[in-house]
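Take a look at the structure below.
Chains as they are written, first to last, in the working numbering: chain A, 818 to 1183; chain B, 86 to 215.
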């Protein structure tokens, strides 16, 4: 894949000395300096992320809510105006196409945020699945830049730049306001396990908004933060990532996300029958693993029985945890091996390293 | 940018000539920047013999694990055990405290085919431009 898409902050990242990486065709900051320092800043003060690569799809019209009820596994018509929900789009066979956040901006107005690598696919599926509804699906990704301020100092930092009542803005709520004089959709959402905000703004305002947040945040310890620490933050928080924990070959039940599938919705939705069956047949389960050693279980490594070496699963994500100081991983294992406390091993490049199944998340904020 | 008195490989290792048949080996500043924060360095045992281009260990960073390769054939004469407690030395001082192994070169082995600092600079410039 070629890296031909650049965020409006491309030159800003270069000026900050970022190491850039290709992500789903976008040139994105991987880290600015030490990714562990960036990780720690988000856990203790705050980090500023450029997430412009995420896809934004607008769904509008009298039947917008019903169309999304049909297209997605969640009960979208139950979402209150100015609220958001974590949900998924599944295949007819019950596999996961993507995980999504759906924001309801009005009775007939939704913004669906999809992963960068899936934005086109999700937009296409939503269009296809909405054909019989009075609703319009439009890929609006080009109209939004997305910044995130994440970490315990986020409220103070964003609060210093806006008149909005931030303490009243609940987790998974959204409002239209101005931050640093820039019109934004301000949401209390994130992917780090910390309190924080995501700010949707016009691409032309991206640099002004970034600079204002960086300046207001500096006295509080805010640093620019790249995709590398975003990955370790979400892993510690036990949050799944499309392409790793979530794929078309996994069901939400295997991923411990059965709660987002609303089989109790009154109307039919894509994947319903397959998902109802999948709920009764969960042969493998997503678990957390920790290792007492130093070698890190990485995505794709086999999980094996500690005694016999029999293969019982596969690692989906792994990293040295900056917060816990030990290697952590998520893995799918045979469901009878998923109980916390179970002792297993991971085949790390030919050598079985002992690991223990632990409850997710690895990290929960105080 | 890279020390003039060292030799280099396209796998981003450096080689320093010590006394006689002995050399020290580590990874370059370019390599450590690409890897990001190093959290663990896995090294061979002293007296192991390794062929040129064979892996002699691996470097775990936050993002990934990368193998490191023997620039030349020889026998491991020493390993930098300080990296057990201070793997970050690979990031902070790649040509000094971040050294990884010392090797006694095999008979007939020599450094003439390795890259000079200038050749290595040109190589990584071309690689970064991709």
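Even for Gly, the Cβ is constructed at its ideal location relative to N, Cα and C.
Model, not experiment: these values are computed from the prediction.
Taken through DSSP and simplified to helix, strand or coil, residue 97 of chain B comes out as coil.
For residue 1031 of chain A, the closest alpha carbon among the candidates A:985, A:1051 and A:966 is that of A:966. If you check the CB distance, residue 881 of chain A and residue 948 of chain A do not come in under 8 Å.
Excluding its 5 nearest sequence neighbours in each direction, residue 1179 of chain A has C-beta neighbours in its own chain below 7 Å: 1053, 1055, 1105, 1138, 1141 and 1145, listed in chain order. In the DSSP secondary-structure assignment, residue 907 of chain A is bridged to A:913.
For the stretch 850-870 of chain A, residues whose beta-carbon sits nearer than 9 Å to a beta-carbon of chain B comprise 851, 852, 853, 854 and 856. Taken through DSSP and simplified to helix, strand or coil, residue 184 of chain B comes out as coil. The beta carbon of residue 210 of chain B sits no closer than 8 Å to any beta carbon of chain A. As the crow flies, the alpha-carbon of residue 995 of chain A is around 29 Å from that of residue 1045 of chain A. Between the alpha carbons of residue 1024 of chain A and residue 124 of chain B lies a gap of roughly 34 Å.
Residue 956 of chain A and residue 933 of chain A do not touch by the CB rule: their CB atoms are close to 12 Å apart, not below 8 Å.
Counting only residues of its own chain and dropping the five nearest sequence neighbours on each side, residue 954 of chain A has a CB closer than 6 Å to the CB of 876, 943, 944 and 947.
Annotated three-state conformation of residue 189 of chain B is strand, per DSSP. Less than 8 Å divides the Cβ of residue 1161 of chain A from the Cβ of residue 1172 of chain A.
For residue 118 of chain B, the C-beta contacts it makes with chain A under 8 Å involve 836, in order along the chain.
Judged by their CB atoms, residue 196 of chain B and residue 110 of chain B are not nearer to each other than the 8 Å cut-off.
In this structure residue 865 of chain A is not in contact with residue 1038 of chain A, their Cβ atoms being roughly 11 Å apart against a cut-off of 8 Å.
Sorting B:126, B:154 and B:132 by C-alpha distance to the C-alpha of residue 94 of chain B places B:154 at the top.
If you check each beta-carbon in the stretch 159-178 of chain B against every beta-carbon of chain A, none falls closer than 7 Å.
In terms of beta-carbon proximity, residue 188 of chain B stays away from the interface with chain A, with every pair separated by 8 Å or more. Any Cβ of chain A closer than 8 Å to the Cβ of residue 150 of chain B would place that residue at the interface, and such an atom is present. A Cβ of chain A is located within less than 8 Å of the beta carbon of residue 122 of chain B. Comparing alpha carbon positions, the residue from B:157, B:147 and B:128 closest to residue 198 of chain B is B:157. Secondary structure at residue 1177 of chain A: coil, using DSSP grouped into helix, strand and coil. In the displayed model, residue 102 of chain B falls within a strand according to three-state DSSP. In terms of CA proximity to residue 1050 of chain A, A:1010 leads the group A:1010, A:850 and A:974.
Secondary structure at residue 131 of chain B: coil, using DSSP grouped into helix, strand and coil. Secondary structure note for residue 1049 of chain A: its alpha helix (DSSP H) is the uninterrupted segment 1044-1053. Cβ neighbours of residue 168 of chain B within its own chain (closer than 8 Å, five residues either side excluded): 126, 128, 174, 175, 183 and 185.
Straight through space, the alpha carbons of residue 1057 of chain A and residue 931 of chain A are spaced by roughly 14 Å.
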